[in-house]
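Contents: one structure, followed by commentary.
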Amino acid sequence: MALEIHMPEPMCLIGNNEEQLVVNQEALKILSAITQPVVVVAIVGLYRTGKSYLMNKLAGKEKGFSVGSTVQSHTKGIWMWCVPHPQKPDHTLVLLDTEGLGDVEKIDEKSDTQIFALAILLSSTFVYNTMNKIDQGAIDLLHNVTELTDLLRTRNSSDLSEIEEPADMSFFPDLVWTLRDFYLGLETNGHAITADEYLENSLKLKQGSDERTQTFNLPRLCIQKFFPVKKCFVFDSPTHRNKLSQLQTLSSEELSSDFVQELSEFCSHIFSHSKTKTLPGGIQVNGPRLESLVVTYVDAINGGALPCIENTVITLARRENSAAVQKAITHYDQQMSQRVKLPTETLQELLDLHRTCESEAMEIFLKHSFKDDNQCFQKELETLLSAKQDEICKKNVEASADHSSTLLESIFKPLEQEVAGGVYAKPGGHNLYLQKMEQLKAQYRQQPGKGTQAEEMLQKYLKAKEPLSNTILQTDQALTAKESQRRAEQARAEAARVEARRLEVIRIQEEQKRAEQERLHQEKLRQIEIDRANFRAEQQRIREQRLQEEAAKIKAEQEAQLRELNQQLQNARASYHSSNECVLI
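589 is the number that our numbering gives the last residue of the sequence shown; the numbers go up by one with no jumps.
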């Protein structure tokens, strides 16, 4: 289970210094530590309209986000509060309180649009907080988001008409419109309506194509396109006017009961209906991914570029897939270092361990990667793992060679000392020398843990000692020429047998490598055939389903015709009997 992040109070996520937006690195560290999926709720609205009060309630706290009591705007930029989600286990609720729009003290109004855009891009539920009622001014203010035809793009294209039909609407947040100090009656034409119906009525389009009608319809059309899921809440005034400055210190008993009820319904809806933040394709966003979105969007806005959702996802995918490759390689290295003790007795033993660790590394990559559509990063991982295999095989050869050399030196050292002491410089000495060599070779071969190069290193050692053997043979002149010749031939035959064994070992190792490569090739071919079979089966199922549907339709039509014919026959019989009735007077 992922660890929960506990923030005792909100923290500035994105600052606004009037010249550009600035990301708070401390806030990014908090996001990077959240491994759980996140539900992101952002609130936007005019300054001094009680946005922060609502967000504190969602956090389950009386205080947190700054709640001002004067006409001066308190929140600057975007502030973040990460708390455990009250209804979704293993999820983190990320609350984003934004700088109030329309602040008269603000130098550059462009930042309003930027804050608006970021709130939408980062959230899964977008709360739009306005006062009193839904009027043209409130709609035009929200139309800032539809002017995001200059800011919000789902694809990397200069054709801004694409905004009319976003590629993946699941990426865009749900809209929750909150109306504060609502004083109108919820009714139309004498009939009571809900707050949601009031919102839908306010966003209805007018018939007509004249410029005035188009001007009226444009913001409503854009709002409908960007926010297919909409919800509206109306709030009475929370308390008497003279107590509003102490709102966050008032208890529930001191607030309007209607306001308390409305606030409870609002919080309940947010907790139960706000969806997990996702990327196009339904990819869930966790803390590190949200961190990347924040940095990418802010960098784009500060650089004067258009925040392109597609490019952002591609950038995020590259970053995470690259990290997934590194995680997989790290796991492979760790497991191989723990499980493999070089040198291994056989090459196959090493290949089996490699294949196991390779499979685990691939599983880790697939778990942490996403949108590797062309399998570029997977192929990169396969290439790296193949290089790792070559590297570990090379190290295995070197380790075997080093260990075998050390062992040979240790075992044959007494023989070399005897040769130096003249033990074999006598008649029959060469035969004694060969016998001793055979004993020591057997002793060497019985030693475990020498690895794949054991025999080859032995042959290299023996090859190097041939001049010494010849010297001993020449010294042993007391032997007959025939006996000397026989022993020389025997030595050459043994050398040939040893060489044959060495070559056989090399041949077996090469065959093992080729067999492993063939197995991997056949495994890939089998997977392709399975995919093809599944595709054909799915196509066959679809065709059979269509045939069944057409047969059912034809059957229904025939039964209807039969019923109609039966009815006509009954009518005809009734008419016949009626015309043949006799009237008795």
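Even for Gly, the Cβ is constructed at its ideal location relative to N, Cα and C.
Source: prediction; values computed, not measured.
Under a Cβ-count criterion, where at least 16 other Cβ atoms within 10 Å of its own Cβ denotes burial, should residue 316 be classed as buried or exposed?
With 16 or more Cβ atoms within 10 Å of its Cβ, residue 316 is classed as buried.
Three-state secondary structure (DSSP) at residue 29?
It is helical.
Helix, strand or coil: how does DSSP classify residue 434 here?
Helix.
Using the rule of at least 16 other Cβ atoms within 10 Å of the residue's Cβ for burial, across every protein chain shown, is residue 198 buried or exposed?
The residue in question, residue 198, is exposed, as its Cβ has fewer than 16 Cβ neighbours within 10 Å.
Do residue 136 and residue 49 have their C-beta atoms within less than 7 Å of each other?
In this structure, residue 136 lies away from residue 49, with their beta-carbon atoms at least 7 Å apart.
Would you call the segment 393-413 and the segment 435-454 in contact, with 3 or more CB pairs under 8 Å?
Because the criterion of three Cβ pairs below 8 Å is met, the segment 393-413 and the segment 435-454 touch.
Exposed or buried, what is residue 213 when buried is set at 16 or more other beta-carbons lying within 10 Å of its beta-carbon?
By the neighbour-count definition (other C-beta atoms within 10 Å, threshold 16), residue 213 is an exposed residue.
Between the segment 331-348 and the segment 359-378, do three or more beta carbon pairs fall short of 8 Å?
In short, these stretches touch, since the Cβ pair count reaches three.
Answer with buried or exposed for residue 62, where buried requires no fewer than 16 other C-beta atoms within 10 angstroms of its C-beta.
Burial of residue 62 is indicated by the presence of at least 16 other C-beta atoms within 10 angstroms of its C-beta.
Are there 16 or more other CB atoms within 10 angstroms of the CB of residue 184, so buried, or fewer, so exposed?
With a threshold of 16 other beta carbon atoms within 10 Å, residue 184 meets it and is buried.
Taking the beta strand (DSSP E) that residue 235 falls in, what are its first and last residues?
Counting along the chain, the beta strand (DSSP E) containing residue 235 begins and ends at 234-238.
On the three-state DSSP scale, how would you describe residue 309?
Residue state, collapsed to three classes: coil.
For residue 88, which residues does DSSP report across the bridge?
According to DSSP, residue 88 bridges with 96.
Separation of residue 431 from residue 442, as counted between CA atoms:
Rounded to whole angstroms, residue 442 to residue 431 spans 19 Å at the Cα level.
Inside the segment 110-145 only - alpha helix (DSSP H) runs reaching at least 4 residues:
For the segment 110-145, whole alpha helix (DSSP H) runs of length 4 or above, ordered along the chain, are 114-126.
Could you check where the beta strand (DSSP E) with residue 18 kicks off and where it finishes?
Its beta strand (DSSP E) spans residues 15-20.
Quick check on the DSSP output: the beta strand (DSSP E) that includes residue 480 runs from which residue to which?
No beta strand (DSSP E) holds residue 480; DSSP gives it neither H nor E.
DSSP-derived helix/strand/coil call for residue 325:
Residue state, collapsed to three classes: helix.
For residue 492, which of 233, 477 and 11 has the nearest alpha-carbon?
Comparing Cα positions, the closest option is 477.
Report the rounded CA-to-CA distance for residue 299 versus residue 293, giving the unit in angstroms.
A direct Cα-to-Cα measurement between residue 299 and residue 293 gives close to 10 Å.
Could you tell me which residues DSSP pairs with residue 41 in its beta bridges?
Beta-bridge annotation (DSSP): residue 41 is paired with 290.
Considering only their Cβ atoms, is the gap separating residue 175 from residue 41 smaller than 7 Å?
Going by C-beta atoms, residue 41 is not nearer than 7 Å to residue 175.
Taking DSSP as the reference, what is the three-state secondary structure of residue 273?
Judged by DSSP in its simplified three-state form, residue 273 adopts helix.
Under 7 Å between the Cβ atoms of residue 100 and residue 46?
Going by beta carbons, residue 100 and residue 46 fall inside the 7 Å limit.
For residue 60, I'd like the list of residues in its chain whose CB is within less than 6 Å of its CB, leaving aside the five on either flank, ordered along the chain.
Here residue 60 has 68 and 69 as same chain residues with Cβ atoms under 6 Å from its own Cβ, once five neighbours each way along the sequence are excluded.
Measuring straight from C-alpha to C-alpha, what distance separates residue 319 and residue 29?
Separation of residue 319 and residue 29 (C-alpha to C-alpha, rounded to the nearest whole angstrom) is 20 Å.
Just mark residue 82 as buried or exposed, buried being the case when its beta carbon has 16 or more other beta carbons within 10 Å.
Result: buried.
Boundaries of the alpha helix (DSSP H) in which residue 178 is found, first to last residue
Annotation: residue 178 is outside any alpha helix (DSSP H); the continuous beta strand (DSSP E) that includes it extends over 178-184.
So what does residue 191 bridge to, in DSSP terms?
Beta-bridge pairing links residue 191 to 196.
Any heavy atom of the ligand PLP inside 6 Å of the beta-carbon of residue 63?
This structure lacks the ligand PLP, and indeed carries no ligand of any kind.
Using alpha carbons as the reference points, say which of 363, 436, 469 and 398 lies closest to residue 412.
Out of 363, 436, 469 and 398, 469 has the C-alpha closest to the C-alpha of residue 412.
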